[in-house]
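So the protein lines, in turn, are chains A and B. Mapping of the first sequence onto my numbering: position 198 corresponds to residue 198, and the numbering continues sequentially without gaps. Mapping of the second sequence onto my numbering: position 205 corresponds to residue 1205, and the numbering continues sequentially without gaps. Beta carbons are placed, not taken as given, at the ideal position from N, Cα and C, and that holds for glycine. The structure appears below as structure tokens.
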Amino acid sequence: MYFTSINLGQYVPTGSFIHRLDPRAKLFSLLFIVSAVFPAKNFFILSIWTALLIALVWASKISWHIVLRDARPVFFLIAFTFIFNLFAVSLTRALFTSSRLFVLMLFAVMLPLTTAPLELADGLDALLSPLGKIGFPAHESAMMIGMALRFIPLLMQETDKIIRAQLSRGARLDQGNIFQRVKAFFPVLIPLFIIIFRRADEIALAMEARGYEGGSGRTRRRPLVWKVKDSLAVIVSALIAVILLLA
Amino acid sequence: MIEACSLSFSYNHHNNNIAGRALKDVSFFVDEGERIAILGHNGSGKSTLVKILGGLQEASEGQCLINGVNISEINFRDLRTTIGIVFQDPENQIVAAMVEDDAAFAPENQGLPSGEIQARVDDALQRVNLMHKQGSSVSALSGGEKQRLALAGVLTAHVKCLILDEATAMLDPVGRLNIERVLKELHKSGMTIIQVTHQLEPENFDDIQRVIVLSHGEIIWQGATQDFWADSEALGFDLPDEFRIKKYFDSHNINFPDYFASLNINSSHYASREDSINTPVKFVINNLSFKYDDEKLQTIKNLSASIYSGQWLSIVGRTGSGKSTLVQHLNALYKIQSGEILFDSKPLAQKGKEVYELRQKVGLVFQHPEDQLFSLTVRDELAFAPKNAGFNKHELDEAILYALECVGLEKSFLDRNPLALSGGERRLAAIASVLSAKPECIALDEPLAGLDAHYQHQILNMLTKFKNDGKTVITITHDLNAALNYSDRILILRDGSTIQEGSPDEVIKSVMQNLESGAWPDVLRISAKIHEINKNFPLLYNYEDFISCISQV
Chain A
1 MYFTSINLGQ
11 YVPTGSFIHR
21 LDPRAKLFSL
31 LFIVSAVFPA
41 KNFFILSIWT
51 ALLIALVWAS
61 KISWHIVLRD
71 ARPVFFLIAF
81 TFIFNLFAVS
91 LTRALFTSSR
101 LFVLMLFAVM
111 LPLTTAPLEL
121 ADGLDALLSP
131 LGKIGFPAHE
141 SAMMIGMALR
151 FIPLLMQETD
161 KIIRAQLSRG
171 ARLDQGNIFQ
181 RVKAFFPVLI
191 PLFIIIFRRA
201 DEIALAMEAR
211 GYEGGSGRTR
221 RRPLVWKVKD
231 SLAVIVSALI
241 AVILLLA
Chain B
1001 MIEACSLSFS
1011 YNHHNNNIAG
1021 RALKDVSFFV
1031 DEGERIAILG
1041 HNGSGKSTLV
1051 KILGGLQEAS
1061 EGQCLINGVN
1071 ISEINFRDLR
1081 TTIGIVFQDP
1091 ENQIVAAMVE
1101 DDAAFAPENQ
1111 GLPSGEIQAR
1121 VDDALQRVNL
1131 MHKQGSSVSA
1141 LSGGEKQRLA
1151 LAGVLTAHVK
1161 CLILDEATAM
1171 LDPVGRLNIE
1181 RVLKELHKSG
1191 MTIIQVTHQL
1201 EPENFDDIQR
1211 VIVLSHGEII
1221 WQGATQDFWA
1231 DSEALGFDLP
1241 DEFRIKKYFD
1251 SHNINFPDYF
1261 ASLNINSSHY
1271 ASREDSINTP
1281 VKFVINNLSF
1291 KYDDEKLQTI
1301 KNLSASIYSG
1311 QWLSIVGRTG
1321 SGKSTLVQHL
1331 NALYKIQSGE
1341 ILFDSKPLAQ
1351 KGKEVYELRQ
1361 KVGLVFQHPE
1371 DQLFSLTVRD
1381 ELAFAPKNAG
1391 FNKHELDEAI
1401 LYALECVGLE
1411 KSFLDRNPLA
1421 LSGGERRLAA
1431 IASVLSAKPE
1441 CIALDEPLAG
1451 LDAHYQHQIL
1461 NMLTKFKNDG
1471 KTVITITHDL
1481 NAALNYSDRI
1491 LILRDGSTIQ
1501 EGSPDEVIKS
1511 VMQNLESGAW
1521 PDVLRISAKI
1531 HEINKNFPLL
1541 YNYEDFISCI
1551 SQV
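Written as structure tokens, this is what we have:
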């Protein structure tokens, strides 16, 4: 693959306890975790978070191989953070900041891995809906995220195919300075945009044909049901977050 | 149930002259529970008609009545529970990433209670035979399964009438048969079905009751299916071989298959014509293996084969047998992981400048190559490959004209925008954009997919001519009829390994063992049936051979 990780952000159904939690509970928990990992002060706190991450991945029954593969796109960002801190501050600082970012990203990656896209969209929809009252397009935003999760893998495949086709026509995509490279990518970008627009058109038509008229009046095959375990999950993650913040 | 009254439609509102219309005065009716086909070539106005019948587009003139009510007066929800549409590309209809979630989309839009939604999802998945994929993610489905899911996604709306817009055009023969099986059941249970297509398949003709032929936006023929075959050739539609043979049987009072049981046939003339190959070998592939990063199993396993210069090789095999991966090794898009490939007796280039030279010599046309066009004019598009190969100005102009001539497009196309061409012309332009580098060998992945008979013939003839000029042609195809009747050699792959390589006559038994009978050419299916009761009868795949064989007695 010239354009790797087609499975990026893809749901991996294993039927684990984590998978069965309400998407809203997972969103809340992630929010608590992220806001506590981000200000983590030292390696000790970070190692506790790492242990919790390991426990989470174990509970989700998803293999580390998949978790790390899905985090691959952010490796660049982590490397950048490392190098920046190495030159700007110190090696310890560089190690700390980049591993903190790494742990943070892995927690974030666990959300789409354990939550079906539609559920995730429904969860977001439910959480954002109070904003709908002040004119924020809550349902539309959630729908958009759900659709993006469905179509990103497809567009990656599409991109890969176009790159290959242009390479076989002798395109030199990996030579020259940055401007030449950007210019060399036009034969990839233009067909890609045409495909995206055409798909968008056809998808809109197909959705209309299936009776979609926006969020109002829509019901769910699996309505979100908040259970005791969801409250527990949120309380536990909130508690851990607060304790580790104060420690 | 549906009545179209003088429908006209024009995409350009300012220029509403009759000639520029996508639809002109189209009138017909469809009764409840009927199954009809609307037949037309690319650009005949079929898709526009589908949109109007489905209430997704308003007609410029005329009206469309559903159960006597004008479609524009029916409220959205009633309309959407009356008429469902399945489009060509399943990817563009599936909105959710999980199978059940997608099937539930329509009843969710209708605001039904969740128990009812689940019941409909289960029922629809059962009907399209996808119950076993219930909890899968959409990306794990094959193309045929995706299209069945798209169909289930329409059935859950409990529509009374189903419109299929070229819904099987992107599928392989087996995928098509599976859809057909579902449609037959639906029709039996009382569903009205309108199938919009560019060709009728033998598998569905006995279920389709009426045919309407659309050409340049006008209805040029309508009537019962059995009457259609008499006129089909005059209307520009090829008669499938199965019907030509049935016609022959009928006119010669041949009672199939009993007539053949005791027939004494001298089949020596047809038995395994071995083609001696006297051309040098172009590619030698030895023990090639390849595995994708993300996959557990090898896509190509210890594959060995030879590809001869100046010959046309067809690579056949089921989806996932490694055909595309193999072909993409031939111009170093995939690097050899283990094994070796010799090109003109030398190891195949793997890196550096030599790879660019290789890609000029070995052209690759991907599936749906028209999706890879990016230039403002056909001229620029054709210039891309030769420029990359370092042709000078004079060579470039000459190469562009050469490529254009190869595919049979006129010079006037050079200044046109590739996006403004018809589907078939775009395919030809895309193939020309690879030929313009003047390759010695060209490999095409499913070059005929989705085209109507006219363009299919044009491409097959073009490749024959290219081969006769001494060049090497490699095609990957699901179309066994084209593979057996046009190519010199056949390579059968299964699970990433070679099953057999040889002339069509040599491999015919292997083809039958390794590919489903639904994918066989009509002639082969019929001769295989005769062969079953009379072992003397040869396994034929060519219509003329078949007729000459049975007429000798």
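Query                                                                                                                                                                                      : Result
Can you tell me where the alpha helix (DSSP H) with residue 243 (chain A) in it begins and where it stops?                                                                                 : 228-246
Give me whichever residues DSSP pairs with residue 1289 (chain B) in a beta bridge.                                                                                                        : B:1338
Consider the Cβ of residue 1379 (chain B): report whether some Cβ of chain A lies at a distance smaller than 8 Å.                                                                          : no
Tell me which residues share the same chain as residue 1464 (chain B) and place their Cβ nearer than 8 Å to its Cβ, disregarding the 5 neighbours each side in the sequence.               : 1312, 1486
Find the residues of chain B that neighbour residue 175 (chain A), judging by a C-beta separation of less than 9 Å, and give them in chain order.                                          : In chain order: nothing, as chain B lies at least about 10 Å away.
For residue 1437 (chain B), which of B:1361, B:1294, B:1376, B:1226 has the nearest alpha-carbon?                                                                                          : B:1361
Rounded to the nearest angstrom, how far is the Cβ of residue 1453 (chain B) from that of residue 1373 (chain B), given a contact under 8 Å?                                               : So it is not a contact: roughly 23 Å between Cβ atoms.
Who are the neighbours of residue 1117 (chain B) on chain A, taking C-beta pairs under 8 Å?                                                                                                : 219, 220, 221
So the alpha helix (DSSP H) residue 1062 (chain B) belongs to, where does it begin and stop?                                                                                               : First-last for residue 1062 (chain B): 1061-1066, but that is the beta strand (DSSP E), not the alpha helix (DSSP H).
Could you tell me whether any Cβ in chain A is nearer than 8 Å to the Cβ of residue 1339 (chain B)?                                                                                        : no
Give a yes or no on whether the minimum CB-CB distance between residue 1091 (chain B) and chain A is below 8 Å.                                                                            : yes
Are the C-beta of residue 1449 (chain B) and some C-beta of chain A separated by less than 8 Å?                                                                                            : no
Nearest CA to the CA of residue 1371 (chain B): which residue from B:1159, B:1431, B:1391?                                                                                                 : B:1431
Excluding the 5 residues preceding and the 5 following residue 1280 (chain B) in the sequence, name in chain order all residues of the same chain whose CB lies nearer than 6 Å to its CB. : 1309
Can you list, in chain order, the residues of its chain with a C-beta nearer than 6 Å to that of residue 1107 (chain B)? Leave out the 5 residues immediately preceding and following it.  : 1117, 1120, 1156
Shorter than 8 Å from the beta carbon of residue 1385 (chain B) to some beta carbon of chain A?                                                                                            : yes
Tell me, please, whether the CB atom of residue 170 (chain A) is closer than 8 Å to any CB atom in chain B?                                                                                : yes
What residue range is occupied by the uninterrupted alpha helix (DSSP H) comprising residue 1427 (chain B)?                                                                                : 1423-1435
DSSP three-state label for residue 1349 (chain B), please.                                                                                                                                 : coil
Which chain A residues sit within Cβ distance under 9 Å of residue 1298 (chain B)?                                                                                                         : By Cβ distance, chain A contributes nothing, its closest Cβ being about 16 Å from residue 1298 (chain B), past 9 Å.
Give, in chain order, every residue of the segment 61-86 of chain A whose Cβ lies closer than 7 Å to some Cβ of chain B.                                                                   : none
Look at the Cβ atom of residue 1010 (chain B), then the Cβ atom of residue 1044 (chain B), and state whether they are nearer than 8 Å.                                                     : no
Taking a cut of 8 Å between CB atoms, which residues from the segment 17-34 of chain A lie near chain B?                                                                                   : none
Does residue 1003 (chain B) come out as helix, strand or coil in the three-state DSSP assignment?                                                                                          : strand
When you compare each of A:119, A:102, A:100, A:18 to residue 55 (chain A) by their alpha carbons, which one comes out closest?                                                            : A:18
So what does DSSP say about residue 1225 (chain B), is it helix, strand or coil?                                                                                                           : helix
Give a yes or no on whether the minimum CB-CB distance between residue 1359 (chain B) and chain A is below 8 Å.                                                                            : yes
Which one of B:1307, B:1367, B:1368 has the shortest CA to CA distance from residue 1341 (chain B)?                                                                                        : B:1307
Name the two residues that bound the continuous beta strand (DSSP E) containing residue 1214 (chain B).                                                                                    : 1210-1215
Could you check which residue in B:1500, B:1257, B:1439 has the C-alpha nearest to that of residue 1470 (chain B)?                                                                         : B:1439
Here's the rule: buried if 16 or more other CB atoms are within 10 angstroms of the residue's CB, otherwise exposed. What is residue 133 (chain A)?                                        : exposed
Candidates B:1233, B:1216, B:1210, B:1236: which alpha carbon is nearest residue 1226 (chain B)'s?                                                                                         : B:1210
Starting from residue 119 (chain A) and walking both ways along the alpha helix (DSSP H), at which residues does that stretch end?                                                         : 117-132
Taking Cβ positions, are residue 1363 (chain B) and residue 1435 (chain B) nearer each other than 8 Å?                                                                                     : yes
Suppose the cutoff is 7 Å on Cβ atoms and the five residues either side in sequence are ignored; what does the same chain contact list for residue 109 (chain A) look like?                : 67, 70, 71
So which residues on chain B does residue 195 (chain A) lean against when the C-beta distance must stay under 8 Å?                                                                         : 1371
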